[in-house]
Amino acid sequence: MKKLLVLTLVVLMATFAVAKIKITYFGDNNPNSSEAILTRLFNASQDEIEVEFLIQSWSTDDKHTALVTRLGAEDPNPTVFMGDVIWPAEFAAAGWAMDLTDYFTKDELEDFLPGTIQSCTYEGRLYAVPMFTDAGLLYYRKDLLEKYGYDVPKTWDELVKVAKDISEKEGIYGFVFQGAQYEGLVCDAVEYIAGNGGAIIDENGKITVNRPEVIEALQFMHDMIYKYKIAPESVLSFMEEDARTTFQQGKAVFMRNWPYCNSPLNLNSPQSAVRGKYGMAPMPRGPRGKSGAATLGGWNLFINNFASPEEKEAAIKFVKFMTSEPAQLMRTIIAGTSPTRISIYSNPAALKANPALKDYYPIMINAVPRPVTPWYAEITDAMQEEFHAVLTGEKSASAAARDLAKRIKAIY
């Protein structure tokens, strides 16, 4: 019995000696993804913290629902979670996301793309850390622009001129984009609005949608279909894949879409009619804008505000690891995602794995977030309805802007 007690004590002492703080990470839906691999690397890199990788749905809506349910019940799990760029304000205002401001110095944050940090900030405080990013861009038929002697358009007027001329000569559409009534339309509209010097809600939280810069941008989106006729009326029901398929089949001169289209599975596939014939550039600017704008997409890392102090301390170390330069380099190489750190865009290893990064950088550096507000879910419904009403001609641009301002004010 004595020997058994001694053995038990030895085992217990050994257990306490190697005990780790355990935290959970709500990652993605793939146990072999870059997120899962990086989690395993973190666990192997030190002996103080053990992170359990939790599988979650691929659907953004499903992720949001799951997290709102857990956090609304003050569940301390997951300790760390991935979140869409439009969530920080909502989660911060609800008290669900830990305030990270005091844990990241200015020097630590200066390597991140400005728009990604802005998306993580609510009322001047940092509530998430950018992990990987996404932004809208202009795809163009490089072969056709060269054939007819055109440069890539940098303004709306140039886009109309080039698209109209080439589309008429080639018998194809001039421009395709996301015009259906859904979140993709909001992303497109934000680019035209910001590219004309406007904003739906400014950085101080003031409603600025009913201003000339915004009205002109919405009018231009309508005019591309009905006045200039460079976009087909069918774009009123187009989502990303509709635009991508049309462009990939060689049926359009220009396309607005996301970086995912530029892959061996899509535009660069052996079956693609535009393989080796297209290029990518920033979206053009409006008459009041200084440069074209790209709507910010991507994912950030949050820490659960209901975790214990010990878990939060461990989570900070994990988040810093997952958003570090080496981790972002590995994620870029493995998954092909666009990094949030500026330094990766000039990293030789990253450029070798993904040469398109050099084209993405000027787009990502100018990326702008959608309205940063706790009430985004309600506001985006209003934006989708009003913007689509302009595209279809149901409302004038000025009427839609006026009505949207009233609706946002009511939600506020």
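Letter by letter, the sequence shown follows residues -19 to -1, 1 to 393 in mature numbering (1 follows the signal peptide of the UniProt record, and there is no 0).
Don't be surprised by glycine CBs; every beta carbon is placed ideally from N, CA and C.
Assigned exposure category for residue i - 16 Cβ within 10 Å defines buried
i: T227; result: buried
i: Y6; result: buried
i: L246; result: exposed
i: residue 440; result: A query on residue 440 cannot be resolved here, the shown segment of the chain reaching from -19 to 393 and no further.
i: W39; result: exposed
i: G105; result: exposed
i: N13; result: exposed
i: I36; result: exposed
i: Q230; result: exposed
i: Q27; result: exposed
i: D169; result: buried
i: T313; result: buried
i: Y120; result: buried
i: G53; result: exposed
i: T114; result: buried
i: residue 417; result: Nothing in the structure corresponds to residue 417, since the chain is present only between -19 and 393.
i: K376; result: buried
i: V(-10); result: Only weak support exists for where V(-10) lies, its pLDDT of 39 falling under 50; the value from the coordinates is given anyway. The residue is exposed, with fewer than 16 neighbouring Cβ atoms inside 10 Å.
i: P336; result: exposed
i: P329; result: exposed
i: A224; result: buried
i: Y207; result: exposed
DSSP three-state assignment for residue i, whether helix, strand or coil
i: G155; result: strand
i: E31; result: strand
i: S319; result: strand
i: W137; result: helix
i: R383; result: helix
i: Y163; result: coil
i: T354; result: coil
i: F(-4); result: A caution first: F(-4) carries a pLDDT of 41, below 50, which makes its placement in the model too unreliable to give a value.
i: A180; result: coil
i: G96; result: helix
i: L(-11); result: The predicted model places L(-11) with a pLDDT of 33, which falls under 50 and marks its position as unreliable; any figure quoted below should be read in that light. Helix, per DSSP.
i: V190; result: coil
i: P343; result: helix
i: residue 394; result: In this structure the chain extends from -19 to 393, so residue 394 is not present and cannot be described.
i: M303; result: helix
i: F219; result: coil
i: K(-18); result: Any reading at K(-18) must be qualified, since the residue scores a pLDDT of 42, below 50, and its modelled position is unreliable; no value is offered.
i: A331; result: helix
i: S377; result: coil
i: A393; result: First, the amino acid is wrong: residue 393 is Tyr here, not Ala. Y393 falls in the coil class under three-state DSSP.
i: R388; result: helix
i: residue 408; result: Outside the displayed span of the chain (-19 to 393) sits residue 408, for which this structure offers no information.
i: T62; result: Reading the sequence as shown, one finds Phe at residue 62 and not Thr. Of the three classes helix, strand and coil, the one that applies to F62 here is strand, per DSSP.
i: R237; result: strand
i: T5; result: strand
i: T86; result: coil
i: R225; result: helix
Beta-carbon spacing of residue i, residue j below 7 Å
i: F34; j: T46; result: no
i: G96; j: L282; result: no
i: V61; j: A296; result: yes
i: T86; j: P265; result: no
i: I389; j: L118; result: no
i: Y326; j: L338; result: yes
i: G273; j: G374; result: no
i: I319; j: E306; result: Rather than Ile, the amino acid found at residue 319 in this sequence is Ser. The answer is no: Cβ separation not under 7 Å.
i: S15; j: I315; result: yes
i: H203; j: L372; result: yes
i: G160; j: F201; result: no
i: A334; j: A116; result: no
i: A378; j: L166; result: no
Pick from the options that is closest to residue i, judged by C-alpha positions
i: K298; options: E222, E29, A(-1); result: E29
i: W31; options: K1, G8, I67; result: The identity of residue 31 in the sequence shown is Glu, whereas the question assumes Trp. It is K1.
i: S148; options: A358, V371, M236, I284; result: M236
i: I67; options: G76, P59, S100; result: S100
i: E164; options: S379, G179, E366; result: E366
i: I182; options: P355, Y259, K3; result: P355
i: K301; options: F23, G64, D42; result: F23
i: G267; options: D138, W239, R225, G64; result: D138
i: R322; options: A330, T304, N335; result: T304
i: Y103; options: K210, D88, A70, N191; result: A70
i: I284; options: A378, P57, G260, N243; result: P57
i: A144; options: V234, M63, E151, F287; result: V234
Is the stretch 145 to 165 touching the stretch 248 to 264 in the sense that three or more CB pairs, one from each, lie closer than 8 Å?
no
With a threshold of 8 Å, are at least 3 pairs of Cβ atoms found where one atom belongs to the stretch 188 to 207 and the other to the stretch 120 to 130?
no
For the stretch 279 to 292 and the stretch 174 to 188, state whether three or more C-beta atom pairs, one from each stretch, are separated by less than 8 Å.
no
Examine the Cβ distances between the stretch 81 to 91 and the stretch 99 to 118 and report whether three or more of them are shorter than 8 Å.
yes
Count the C-beta pairs between the stretch 375 to 389 and the stretch 212 to 226 that are closer than 8 Å, then say yes if the count reaches three, no if not.
no
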